[in-house]
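Visitor:
There are 2 protein chains.
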Amino acid sequence: MNSQELIARLRGGERRALARAITIVETGGPAARELLAAAYPYTGSTHVVGITGPPGAGKSTLVTALAQEWRSRGATVGIVAVDPTSPFTGGAVLGDRIRMQALGGDPGVFIRSMASRGRLGGLARATADAVAMLDAAGFAVVLIETVGAGQGEVDIARTAHTTLVVEVPGMGDDVQSIKAGVLEIADVFVVNKADREGADNTVRQLRAMLHLADHKPGDWEPPVLTAIATAATGSPAIVDAATRHMAHLRDSGQAAERTRQAAERELAAAVQELALERLRGPAWEQFVARIAARERDPYGSAEELFGELGPT
Amino acid sequence: MNSQELIARLRGGERRALARAITIVETGGPAARELLAAAYPYTGSTHVVGITGPPGAGKSTLVTALAQEWRSRGATVGIVAVDPTSPFTGGAVLGDRIRMQALGGDPGVFIRSMASRGRLGGLARATADAVAMLDAAGFAVVLIETVGAGQGEVDIARTAHTTLVVEVPGMGDDVQSIKAGVLEIADVFVVNKADREGADNTVRQLRAMLHLADHKPGDWEPPVLTAIATAATGSPAIVDAATRHMAHLRDSGQAAERTRQAAERELAAAVQELALERLRGPAWEQFVARIAARERDPYGSAEELFGELGPT
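Heads up: the sequence lines are chains A and B, in that order.
Counting with this note's numbering, you get residues 1 to 312 for the letters of the first sequence.
Counting with this note's numbering, you get residues 1001 to 1312 for the letters of the second sequence.
1) With 9 Å as the threshold, decide whether the Cβ of residue 1138 of chain B is near any Cβ in chain C.
2) Within the same chain, show all residues whose beta-carbon is closer than 6 Å to that of residue 297 of chain A, passing over the 5 residues directly before and after it, in chain order.
3) Using beta carbons (cut-off 9 Å, strictly below), is residue 50 of chain A in contact with chain B?
4) Do you know offhand how far residue 51 of chain A's Cα is from residue 188 of chain A's?
5) First and last residue of the beta strand (DSSP E) that includes residue 1313 of chain B?
6) If you follow the alpha helix (DSSP H) that residue 1288 of chain B is part of, which residue opens it and which one closes it?
7) Apply the 10 Å Cβ neighbour rule to residue 13 of chain A and answer buried if 16 or more other Cβ atoms are within range, or exposed otherwise.
8) Measure the beta-carbon distance from residue 242 of chain A to residue 162 of chain A and round it to whole angstroms, keeping in mind my assumption that it falls under 8 Å.
9) List the whole-angstrom C-beta distance separating residue 292 of chain A from residue 1260 of chain B, where the pair is believed to meet the contact cut-off of C-beta under 8 Å.
10) Between the C-alpha atoms of residue 1075 of chain B and residue 1107 of chain B, what's the straight-line distance to the nearest angstrom?
11) Return the bridge partner residues of residue 81 of chain A from the DSSP annotation.
12) By Cβ distance, which residues of its chain are closer than 6 Å to residue 1206 of chain B, with the 5 residues on each side in sequence left out?
13) Does the structure place the segment 229–245 of chain A close enough to the segment 54–74 of chain A that three or more beta carbon pairs sit under 8 Å?
14) Among B/1186, B/1003, B/1217, which one has its Cα closest to the Cα of residue 1040 of chain B?
15) Please check if any C-beta of chain B sits within less than 9 Å of the C-beta of residue 287 of chain A.
16) Rounded to the nearest angstrom, what separates residue 1047 of chain B and residue 1110 of chain B at their Cα positions?
17) Is it true that the CB of residue 145 of chain A sits closer than 9 Å to the CB of residue 191 of chain A?
18) At a Cβ threshold of 9 Å, is residue 1189 of chain B touching chain A?
19) Return no unless some Cβ of chain B is closer than 9 Å to the Cβ of residue 297 of chain A.
20) Name the residue from A/20, A/170, A/238, A/22 whose alpha carbon lies nearest to the alpha carbon of residue 200 of chain A.
21) Would you kindly work out how many angstroms separate the C-alpha atoms of residue 1255 of chain B and residue 1125 of chain B, rounded to a whole number?
22) Please report the distance separating the alpha-carbon of residue 1019 of chain B from that of residue 1131 of chain B.
23) From residue 1167 of chain B to residue 1060 of chain B, what does the alpha carbon distance come to, in whole angstroms?
24) Measuring CA to CA, which of B/1269, B/1068, B/1035 is closest to residue 1007 of chain B?
25) Counting only Cβ-Cβ distances shorter than 8 Å, please list the residues of the segment 259–273 of chain A near chain B, keeping chain order.
26) Would DSSP call residue 167 of chain A helix, strand or coil?
27) Where do the ends of the alpha helix (DSSP H) carrying residue 1259 of chain B lie?
28) So what does DSSP say about residue 226 of chain A, is it helix, strand or coil?
29) Kindly indicate which three-state DSSP category residue 201 of chain A falls into: helix, strand or coil?
30) Is the separation between the beta-carbon of residue 123 of chain A and that of residue 114 of chain A shorter than 9 Å?
31) Using 8 Å for Cβ pairs, my map puts residue 11 of chain A next to residue 138 of chain A. What's the rounded Cβ distance?
32) Just verifying my parser: in three-state terms, what is the DSSP assignment at residue 1233 of chain B?
33) Compare the beta carbon distance of residue 142 of chain A and residue 78 of chain A with 9 Å and say whether it is the shorter of the two.
34) Excluding the 5 residues preceding and the 5 following residue 1235 of chain B in the sequence, name in chain order all residues of the same chain whose CB lies nearer than 6 Å to its CB.
35) Once the 5 residues before and after residue 112 of chain A are set aside, which same chain residues still bring their CB inside 6 Å of it?
36) May I ask you to list the residues that DSSP assigns as paired with residue 1189 of chain B?
Spelled out as structure tokens, the structure:
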């Protein structure tokens, strides 16, 4: 099946075509590029929502509850569960799939776990490309679940229109939260497990932090909401907030600017991937060996490899 | 001052030259490349140790205690505190510097906080280049402190010879730990705050997990050690383990293979950075605009930009 045909099928609602398309973009290479090129005209209408927070914050359960809430409003939902930390073994842990089984069998939901292996450019790249497939397939909302708050998660957050940061009562003090940089990427804060002791205090700390943040008139003010994801409490308010945030992005012109930035990132990533593919020729291993022996430096070697490509 | 001169000065022990060199490589671009090329012949002898773990695990305090232990053995120590999560504001939190002030004034210690802004290729790249400067300056050990367990941290761990994963009692169950992928990157486990309730249990769980892991004869077996970093308890055993691990890498030939892999990553990163610089010409913004409008796709655009470079 060629790329155009595969895209036509996934747009027609064939789940197997969608699964196959995501596998192809996850693997990368020329086949992935062809598929992305074919899908590209059909992308750009999904609301991409990132859900991030520390391990143990109940993100998978919250994602499930939010997906059910969006479904009850008639929206189709794609879920990308990112497991950024298995570069060697690949694959996600069974637990998530079990937690998410409440969504199983609903044709309006598509769940995919991502692993990072085998993809030049890393997990953020593969995730963005998988989101593009779900986007082309017509899912109204795509939820991306990521663990932690490292650079990888920040990169993935950039793919999202709206980033929900999940905190739980008693996990780390406020200095740690600032350190985790969540203030800068959060569009909506969710204090999950809000029936636990200390929840009020966590909400208060987050609001105090937000109060201290530099804020211009007309800026989006991240709400601090509470949830008990296991009981689906809080989901309607969170979905409302995410929807309001997307409207704010559109009304303020930020959506257009984000689209431009995303386009630039996509182009930069494509350029980097192609550069590596083209320069990994017969001379590559020799350069690597000489760099390892400290006879050459990496940048000088790269310049020379480029020189062989042709005049610049 | 030209690159050769700056490298000569930092190799002569001038701290200001070292600080300036790290700033240059953190910023990236042609000046950084020239500096790295000049430093490259003098690199490769430092033992690079990554220290990672969740927020609140007491990593900064542990790093301080380990640095003091290495100093007491006569080794000079560079410290790179990575704050991967401030892509917008940059800068590290004051707290770390306060915690590390016990090391202040010791000429055998050099501390640097990293931020990710302004550097093509991201924080892992900037960190590796900063480590190269400390390496060229002759520090016997370089400690890299990172937060969390995301892809960024895994990338940074690849820079290290030895990765210490810090856990604390009661933070997350074993499923979460597996999810965080720490098993694959950890060379030494440290259960910090070992005077807390549940420490024995955490140690037992980690040992059980390691027992389940696939293990070949002659493989390094990650020890599970305990520490009370605030009291510097456990530091000698941790430094011993890290030193034994480095000896294992050398004796088993893995050190050479890691050096080769590092060289390949350096070359790939250099190629990617150069590709972006060269293709960001007058046509760049037009391509970005057309991609944002979904009139073009990123990979097709990248192909065309490459085509303008010359024949391939």
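The beta-carbon is built from N, C-alpha and C at its ideal position, and this holds for glycine as well.
Quick caveat, the model's predicted, so the values are computed rather than measured.
Guide: Per the coordinate set shown:
1) Of the protein chains in this structure, namely A and B, none is chain C.
2) none
3) no
4) 10 Å
5) The shown model of chain B, from 1001 to 1312, leaves out residue 1313 of chain B, and the question about it has no answer.
6) According to the DSSP assignment, residue 1288 of chain B belongs to the alpha helix (DSSP H) that extends over 1284–1292.
7) Exposed, by the Cβ-count rule.
8) 5 Å
9) 5 Å
10) Approximately 12 Å between the Cα atoms of the pair.
11) A/113, A/145
12) 1189, 1224
13) yes
14) B/1003
15) yes
16) 15 Å
17) no
18) no
19) yes
20) A/170
21) 20 Å
22) 12 Å
23) 13 Å
24) B/1035
25) Answer set for the segment 259–273 of chain A: 259, 260, 262, 263, 264, 266, 267, 268, 269, 270, 271, 272, 273.
26) Residue state for residue 167 of chain A is assigned as strand, using DSSP reduced to three classes.
27) Start and end: 1254–1279.
28) strand
29) Three-state DSSP puts residue 201 of chain A in a helix.
30) yes
31) 7 Å
32) strand
33) yes
34) 1065, 1066, 1069
35) Around residue 112 of chain A: 22, 80.
36) B/1165, B/1224
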